[in-house]
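Residue numbers (this note's numbering): 225 to 426. Every residue, glycine too, gets a C-beta built ideally from N, C-alpha and C. Quick notes on the structure that follows.
Written as structure tokens, this is what we have:
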């Protein structure tokens with residue numbers, strides 16, 4: 225009886241280790257393989273918030289064209305680094321068309337994000353690579369989505385699955401982010417929040 229209990233304990237420990245490894249692997253995937261788009265408005269005034277959306281639309285349109293054939297995150301980062309000035313120009317052209325004096329500054333950097341629910345999927349909190357667009361004083365509410373894989377245009381479930389597969393996301397993680405595996409998402413989110421605390425503690 226004791227031998228059976230010992231064997232059962234070992235099996236449970238192995239299963240828990242494999243499951244934990246899977247969570248850590250998926251947390252690493254989210255950290256390394258996704259690039260967020262983060263647009264910060266000049267202020268919370270109605271005008272500045274509307275302008276923020278115009279800048280967003282211009283950048284999303286530019287990225288959808290420039291990154292259409294990119295299927296690798298390293299290539300996506302390379303494209304963004306090499307085209308930061310172009311993206312900034314797109315943003316500032318949109319600001320000029322809106323008739324405002326504010327200017328935009330665009331950087332590629334690591335940022336912390338809270339849990340964010342989109343139309344068809346949810347991303348856990350954590351530290352992500354981010355294409356950050358700050359308009360003017362940058363004191364207004366944020367708008368953010370996923371620049372790579374391209375999920376900024378209110379992707380349907382089918383479009384999300386296609387983009388996730390193209391970017392190398394496995395089926396389990398895809399199901400987790402679309403709400404199919406609640407406990408797993410909760411644990412990924414907890415890992416991301418711990419990661420945020422460590423990031424801010426540096």
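> residue 332 to residue 304, Cα distance in whole Å?
Replying inline: About 7 Å.
> Who are the Cβ neighbours of residue 272 in its own chain at under 6 Å, not counting the five residues just before and after it?
Replying inline: Answer for residue 272: 265, 266 and 364, listed in chain order.
>> One question on the structure: do residue 349 and residue 417 come within less than 7 Å of each other, judged by their Cβ atoms?
In response: Closer than 7 Å, so yes.
>> Any heavy atom of the ligand MN closer than 6 Å to the beta-carbon of residue 356?
In response: This structure does not include the ligand MN; it has no bound ligands of any sort.
>> Starting from residue 302, trace the alpha helix (DSSP H) in both directions and tell me its first and last residue.
In response: From DSSP, the alpha helix (DSSP H) with residue 302 extends over 297-306.
> Straight-line CA distance for residue 412 to residue 321?
Replying inline: If you take the alpha carbons of residue 412 and residue 321, they lie about 42 Å apart.
>> On a Cα-Cα basis, can you pick out the residue from 313, 252, 254 and 258 that is closest to residue 279?
In response: Taking only the C-alpha atoms, the option nearest residue 279 is 313.
>> Taking the alpha carbon of residue 249 as the reference point, which residue from 274, 396, 334 and 376 has its own alpha carbon closest?
In response: Nearest C-alpha to residue 249: 396.
>> The beta strand (DSSP E) that contains residue 366, what's its start and end?
In response: Per DSSP, residue 366 belongs to the beta strand (DSSP E) from 366-372.
> Taking buried to mean at least 16 other C-beta atoms within 10 Å of its own C-beta, is residue 369 buried or exposed?
Replying inline: Around the beta carbon of residue 369, 16 or more other beta carbons lie within 10 angstroms, which makes this residue buried.
> Does the Cβ-Cβ distance between residue 282 and residue 328 come in under 7 Å?
Replying inline: It is not a contact, given that the beta carbons lie outside the stated cut-off.
> Do you know how far the Cα of residue 376 is from the Cα of residue 286?
Replying inline: Whole-angstrom Cα-Cα distance: 12 Å.
> Tell me which same chain residues have a C-beta within less than 6 Å of the C-beta of residue 419, skipping the five on either side of it?
Replying inline: Within its own chain, the residues whose Cβ lies closer than 6 Å to the Cβ of residue 419, once the five positions on either side in sequence are excluded, are 350 and 351, listed in chain order.
> Buried or exposed: where does residue 421 fall if 16 or more other Cβ atoms within 10 Å of its Cβ makes it buried?
Replying inline: With fewer than 16 neighbouring CB atoms inside 10 Å of its own CB, residue 421 falls in the exposed class.
> Just the Cα atoms here: how many angstroms apart are residue 341 and residue 251?
Replying inline: Answer to the nearest angstrom: the Cα atoms are 17 Å apart.
> For residue 371 versus residue 294, is the C-beta spacing smaller than 7 Å?
Replying inline: No, the Cβ-Cβ distance between residue 371 and residue 294 is not below 7 Å.
>> With distance defined between alpha-carbon atoms, name the residue in 277, 347, 315 and 367 nearest to residue 384.
In response: With distances taken between Cα atoms, residue 384 lies closest to 347.
>> Comparing C-alpha positions only, which one of 381, 289 and 324 sits nearest to residue 307?
In response: Out of 381, 289 and 324, 289 has the C-alpha closest to the C-alpha of residue 307.
> From 382, 275 and 330, pick the residue whose C-alpha is nearest to that of residue 323; which is it?
Replying inline: For residue 323, the nearest C-alpha among the options comes from 275.
> With 16 other CB atoms within 10 Å as the buried threshold, where does residue 309 fall?
Replying inline: So residue 309 ends up on the exposed side.
> Which two residues bound the contiguous alpha helix (DSSP H) that contains residue 290?
Replying inline: It spans 270-290 - the alpha helix (DSSP H) in which residue 290 sits, taken as one unbroken run.
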